[in-house]
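In the working numbering, the protein residues as written are 189 to 649.
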């Protein structure tokens, strides 16, 4: 006290809280005094302390962001407004917006629930945290979610010719469409084609990448898609657009029984002159894909009657029996030709009957003639088809028209001998046994008296 009744001093503190100031006599502790309560409040806000680690975050995931507001001495500042604002990315706070305000609690902590961006191309989400003039920035690196599906490039429908290929790149993507680096394995299949080939293999690994590449080729015309399925989870998959394979260049033709690749190849045939066989030149590429019916030059071989025509189809209607050979279809250029099996042509059905004086092909028919009653007349029933091809002796039923005499042998027979027994005039007729619509008649036969064989004496002239 320095020979005084009073003394003065000051008390300071940097820690928020409450205390009293006590004075105790150094010689007698019973002599004391105590001040009123001294309350120390936090100073002005000085900085924000990040309580949430800046770890990488999976796209679309939630994270609770916590910051503590302190004065320069580290005292928590409660009941202060802190604003969180996303400045990079497309994530949102729990209110669905890009910013949200929170009030610090009794420990000076403000928090906000944030949902990370869904687009990995941002690289990271950046959030500014501000309270008055105090600010901080929170950055979290974005990482892809797990693989959800695969996409193909090219993604559109593709057109190739047989023997060609399509180069594909598939990308593993998460549910938001971000490429996902992974080492998963996929199985590649080609629904719609049993002949397509995947190169280098139908089982491929991403090998710590988000993409992998391969090619698909096919020699068979048609359409198919390419499908990638995760080997561990069949629900993870992707599919290309439609791949359409068209035939390659014309390589050869086949002669078929029907148009548009129908029917079968024309093999050995036994036909008659009544038949007509239509055949088609079907064009194929080197992989045996049908292209279309193709214009060719038609010709024949062997003893088959001559054929000379052009076009994609030809109807063979033979008129000459007895021939045998092949019909040839010859395309232009270096395209390989084709020929039928052996075609053998026989006579058609009986269409004409001729009464001839001899039984060979083209023998003379009997026109008007005269014989005596002493003579006999032998005739042959010779058959021909509709194209005048010789069939041969034909069984027939013979009759006399206006003549008197005998026919031998009896019906039916292929030939008869007519023996007249009196003068007269008429004809012979023969009707085919197999077809009553086919018949022939001789010319007029006149029978005159034979030489005198005997005389009779009569009472009148």
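All C-beta atoms in this analysis are idealised placements derived from N, C-alpha and C, irrespective of residue type, glycine included.
Note that this is a predicted model, so its numbers are computed, not measured.
9 Å Cβ cutoff met for residue 426 and residue 415: Between residue 426 and residue 415, the CB-CB gap stays under 9 Å.
Delimiting residues of the beta strand (DSSP E) encompassing residue 312: Looking at the DSSP string, the run of the beta strand (DSSP E) that includes residue 312 is 312-319.
Presumed contact (8 Å Cβ cut-off) between residue 487 and residue 516, rounded CB distance: Their Cβ separation, rounded to whole angstroms, is 5 Å, which keeps residue 487 and residue 516 in contact under 8 Å.
N- and C-terminal bounds of the beta strand (DSSP E) containing residue 608: Its beta strand (DSSP E) spans residues 603-608.
Proximity to residue 491 [Cα-Cα], best of 513, 479, 507 and 351: Of the candidates 513, 479, 507 and 351, the one whose C-alpha sits nearest the C-alpha of residue 491 is 513.
Start and end residues, beta strand (DSSP E) containing residue 646: It is not in any beta strand (DSSP E) - residue 646 carries neither H nor E in the DSSP assignment.
Opening and closing residue of the beta strand (DSSP E) in which residue 497 lies: First-last of the beta strand (DSSP E) with residue 497: 497-499.
Endpoints, beta strand (DSSP E) assigned at residue 488: Where residue 488 is concerned, the enclosing beta strand (DSSP E) stretches over 484-488.
Cβ-based burial, residue 189 [other Cβ within 10 Å; buried from 16]: It counts as exposed.
Same chain only: Cβ atoms within 7 Å of residue 375, ignoring 5 sequence neighbours per side: Only 390, 391, 417 and 419 meet the Cβ criterion.
Residue 341 - partner residues in DSSP beta bridges: DSSP lists 357 as the beta-bridge partner residues of residue 341.
For residue 207 and residue 261, the rounded distance between their alpha carbons: The alpha-carbon separation between residue 261 and residue 207 amounts to approximately 18 Å.
Other residues of its chain near residue 589: CB distance less than 8 Å, five sequence neighbours each side excluded: Taken in chain order, the residues that qualify are 614, 615, 616, 617 and 629.
Unbroken beta strand (DSSP E) run spanning residue 586, endpoints: Here the beta strand (DSSP E) through residue 586 covers 584-589.
N- and C-terminal bounds of the beta strand (DSSP E) containing residue 434: That run of the beta strand (DSSP E) goes 431-434.
CA-to-CA distance, residue 457 to residue 464, given in whole angstroms: Spanning the two alpha carbons is a distance of roughly 12 Å.
6 Å CB neighbourhood of residue 605 in its chain, flanking five on each side removed: Within the same chain, residue 605 has close Cβ partners 564, 566 and 596.
Beta-carbon spacing of residue 221, residue 211 below 9 Å: Yes, they are a contact pair.
Proximity below 9 Å, CB of residue 542 to CB of residue 572: The Cβ atoms of residue 542 and residue 572 sit closer than 9 Å to each other.
Check whether residue 322 and residue 239 have beta carbons under 9 Å apart: At the C-beta level, residue 322 and residue 239 stay beyond 9 Å of one another.
Residue 634 at chain B interface by Cβ criterion, 9 Å: You won't find chain B in this structure, because it holds only one protein chain.
Beta-carbon proximity list for residue 299, same chain, < 8 Å, skipping 5 on both sides: 252, 253, 254, 255 and 290, listed in sequence order.
Residue 646 classed as buried or exposed, judged by whether at least 16 other C-beta atoms fall within 10 angstroms: Label assigned to residue 646: exposed.
Residue 216, buried or exposed, once every other Cβ within 10 Å from all chains shown has been counted against 16: Exposed, since its Cβ has fewer than 16 Cβ neighbours within 10 Å.
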